[in-house]
Amino acid sequence: MRWRTSWRRTRRRLYRIGVSVGTVAVVALALFLFNKLRPLSKEAIAQENSMAIMYFENMEDPEDKDQTAKIITHLLTTDLSESEYMRVITQQRIHDILRQLGKKEQKIVDRTTASEVAKRAGVNWVVTGQVIQTEPNIVLMSSISHAVTGEILEPQQVRGEVGDDIYAVVDKLSQEVRKDFSLPSEAKLELDRAVADVTTHSLDAYRNYLEGVDHFFSFRFDGAKDSFGKAIEYDSTFAMAHLRLAQLRFAYGYPGIDEAVAKAVRYSEGVTEKDRLYIESFEAFNSRKDSLAVSILERITERFPDEKEAFYWLGIIYMWWLKQPEKAAWAFDKAIELDPAYKGPYNDISSVYLQLGDFDKALWAIDKYISLAPDEPNPYDSKAALLAAKGELDKAIEFYQKALEVDPGFTFSYVGLGDMYLYKKDYAKSEAYYRKLSSSADKDLRSWGRSYLARIPLYKGKLNETFDVLGHGIAADEMEQAEGEYSAYKHLLRAIIYHEKNDLDRALEEIEKAIEVMREAYPGQTGQSYVYFQDYYVELLAENGDIAKAEKVAGDMKEALEESGLSLSSRYEYWHAVGLIQRAKGDLEASITSLERAIEVGMDFLPRYTLAKSYSESGRLNEAVMELEAALSRYDEERIHRLWNPNMAVKAYYQLGLAYEKLGRQAEAINQYEEFLDIWKDADPELEEVEDARRKLNNLKRQI
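Here the sequence shown is numbered in this note's numbering, starting from 3 and rising by one per residue.
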């Protein structure tokens with residue numbers, strides 16, 4: 003009886019469930035009909051019509067020697083990407099996936115590989131094609147298949163008229179491909195611009211541009227510079243070539259960034275939406291309009307979610323400009339997620355880990371970078387810089403030399419080796435490596451190298467010799483018409499020499515000249531370039547007793563930064579300037595607050611040095627010691643490369659000796675005085691710190 007009762011109960015439950023299922027079915031049908039009738043969003047339609055355009059096969063020339071098939075593939079991708087109702091992944095994304103599949107050298111792929119590429123990219127369709135002939139007219143054929151079901155649509159074939167160029171035939175093929183997709187009526191209202199109008203009308207320019215992009219993403223900067231330069235020679239209005247050249251100059255530290263950005267903006271009216279957003283984001287980035295740059299880059303990632311480059315630039319801004327290492331790590335991780343073999347983010351995320359104090363993770367990222375690009379110089383150079391930051395000079399030298407073994411023309415490593423040997427007091431070797439720059443075929447690099455040569459005698463405290471080197475450098479700049487950023491730095495160094503000699507009037511003349519030259523080198527900028535050297539200008543004015551003018555300069559800095567949309571929190575120079583004024587007025591506590599804010603923004607050596615002096619003068623000796631020890635523990639670019647006043651990097655030993663002595667730490671004070679005097683053993687006699695350090699050192703040794 004029990005089982006029968008249980009069965010009856012079960013039947014009743016099933017009946018009730020059946021009634022509920024029927025109700026649910028009615029509701030589901032209603033929802034289905036509602037969803038069928040409700041129009042899909044642009045994003046949903048674009049995903050429905052998402053595709054990967056695989057490399058076209060050149061039937062006349064299987065090796066594609068003149069890159070006709072490559073150009074057609076890129077142009078068709080660009081043309082179809084213009085529609086908001088289609089999602090076309092970039093050729094770079096396809097290249098990245100093929101590399102992950104171990105088929106990066108395989109231009110023409112089989113259907114199975116093409117389907118795998120589409121699946122990994124999250125798209126539905128695969129477009130393959132052939133260049134049937136190019137003479138007497140161009141004939142193209144394409145085929146569209148579904149990546150999952152294998153469904154094959156009717157093939158498209160277009161035949162150009164005699165005299166039609168590649169652009170015209172690609173436009174015809176693009177129209178035929180669109181017809182085979184389920185596009186809404188609104189898509190027909192979209193402006194379908196000629197692909198030449200959104201790129202360039204010069205095939206030679208486009209061919210060199212694509213070659214430059216390949217070099218750029220492989221960190222072959224010299225090759226990229228040449229290719230983009232040739233592209234611009236063929237078409238001076240090629241907006242994206244100007245943008246890439248601007249990005250290249252930023253990455254390489256070349257002057258002329260602003261000019262390239264201005265030209266990219268000037269010629270950007272007809273470019274694709276994505277290219278326009280990249281141009282606008284880099285213009286904002288270069289002008290230090292950080293929030294605007296982030297906003298534009300986020301629009302790119304929303305509209306084009308496969309754009310690893312947009313995530314990469316977000317990481318750069320968060321790391322260097324906004325000083326938000328956690329967000330930088332997130333952005334770099336997103337770029338790596340899209341392409342685990344994307345080399346750039348590994349390079350920069352190592353700096354993020356270093357900022358976060360995790361040296362082991364920083365080293366892991368660089369070693370991963372080396373494994374991905376063992377035949378490129380940049381990863382070895384980056385590892386050298388990382389080791390230098392850790393104070394491992396000999397290992398750093400080893401990796402700088404490894405970078406030059408890979409590429410003897412890699413400029414950064416000559417600078418790094420010059421710096422390392424400067425720290426090791428091997429001045430002959432330091433000079434030899436700096437001279438590699440000053441003898442370069444590029445006039446800007448020669449000017450750069452002449453600035454570095456002046457740093458050696460200044461580091462040794464030999465002011466008069468430094469002045470002579472700078473004089474020759476400035477004369478050479480004038481003769482070669484290289485009077486740009488690095489010429490401005492030479493005037494800065496002359497100001498530093500006069501400052502050391504206590505000749506404030508001449509120091510002010512030179513710093514004003516440096517500012518003038520820098521603004522001529524970066525015309526039209528009111529933000530980033532405006533603050534160059536301004537904090538040092540404030541220091542000289544304040545020491546000269548002109549507090550009112552110093553405060554006006556600091557106020558002008560603030561106004562210029564705010565008008566440009568730059569956050570004050572992103573520029574240490576302003577807070578350093580404020581702290582210097584407060585020090586000159588005797589308000590050490592206020593000075594310390596401002597200087598602490600400066601080093602929160604940027605860990606540059608100079609504000610740390612000034613903060614340590616303020617700590618010492620206010621009796622906070624242990625904090626002074628901590629700042630100076632931290633500053634002197636690093637032997638990378640943060641210590642002298644960005645300073646352009648290496649005398650401070652030496653005087654820091656003297657300041658640390660003073661702090662140790664006041665704390666009664668005699669042995670440590672002796673070590674610092676000895677290090678200071680060893681570097682400045684041949685310094686000019688008028689440097690007061692040398693005599694004072696000798697006297698203090700002798701007194702301490704007598705006490706032991």
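We put the CB at the ideal spot given by N, CA and C, even for glycine.
Asked, Found
"Own chain partners of A516 with C-beta closer than 6 angstroms, once the 5 adjacent residues on each side are dropped", "A490, H493, L494, F535"
"Cβ pair F240, A264 closer than 8 angstroms", "no"
"For A337 and E311, the rounded distance between their alpha carbons", "7 angstroms"
"Segment limits, beta strand (DSSP E) that includes R161", "158–161"
"Given N546 as reference, the closest of A123, H501, M559, E561 once Cα atoms are compared", "H501"
"Which of helix, strand or coil DSSP assigns to I234", "helix"
"Boundaries (first-last residue) of the beta strand (DSSP E) holding V273", "It is not in any beta strand (DSSP E) - V273 carries neither H nor E in the DSSP assignment."
"Y344 vs A367 beta-carbon contact at 8 angstroms", "no"
"The segment 599–617 contacting the segment 453–468, beta-carbon criterion three pairs below 8 angstroms", "no"
"Option nearest M422 by Cα separation, candidates K438, L389, Q584, L439", "L389"
"Cβ neighbours of L356 in the same chain (closer than 7 angstroms, five flanking residues each side left out)", "A364, L388, A391"
"Neighbour-count burial assignment, P687, 16 or more Cβ in a 10 Å radius", "exposed"
"G473 burial status per 10 Å Cβ neighbour count (16 or more: buried)", "exposed"
"Beta bridge counterpart(s) of Q708 as assigned by DSSP", "Because the chain spans 3 through 706 in this model, residue 708 falls outside it and cannot be assessed."
"Local Cβ density within 10 Å of N288, reported as buried at 16 or more and exposed below that", "buried"
"Residue from Y461, V128, Y169, I110 with nearest C-alpha to M650", "Y461"
"CB contact flag (I55, L78, <8 angstroms)", "yes"
"Proximity winner among E271, S297, T274, relative to S283 (alpha-carbon distances)", "S297"
"Beta carbon of R251 nearer than 8 angstroms to that of A262", "yes"
"Beta-carbon proximity check, R573 vs V603, cutoff 8 angstroms", "yes"
"Top-ranked residue by Cα proximity to P327, from I302, V354, Y314, D341", "V354"
"Nearest neighbour of A233, chosen from L205, R222, F219 [CA to CA]", "L205"
"Alpha-carbon to alpha-carbon, A333 and L702", "53 angstroms"
"Cα-Cα separation, K370 to P379", "14 angstroms"
"Spatial neighbours of Y435 in its chain, beta-carbon cut-off 6 angstroms, leaving aside the 5 residues before and after", "Y416, L419, G420"
"Per-residue DSSP class, three states only, for E178", "helix"
"Of the listed residues L175, Y656, V197, E561, nearest to L142 (C-alpha basis)", "L175"
"Beta-bridge pairing of V129 - partner residues as DSSP gives them", "I55, I146"
"Straight-line Cα distance separating G258 from A330", "27 angstroms"
"Secondary structure of I706, DSSP reduced to three states", "coil"
"Strand pairing of R89, partner residues [DSSP]", "S52"
"Close Cβ partners of M53 (< 8 angstroms) along its chain, the five nearest in sequence each way excluded", "L82, M88, R89, V90, I91, A120, V125, N126, W127, V128, V129, I146"
"Buried or exposed (CB count within 10 angstroms, at least 16 for buried), E564", "exposed"
"Where the alpha helix (DSSP H) through D216 begins and ends", "205–219"
"Presumed contact (8 angstroms Cβ cut-off) between V133 and Y169, rounded CB distance", "Wrong, their Cβ atoms sit about 14 angstroms apart, outside the cutoff."
"Under the three-state DSSP convention, the category I601 falls into", "helix"
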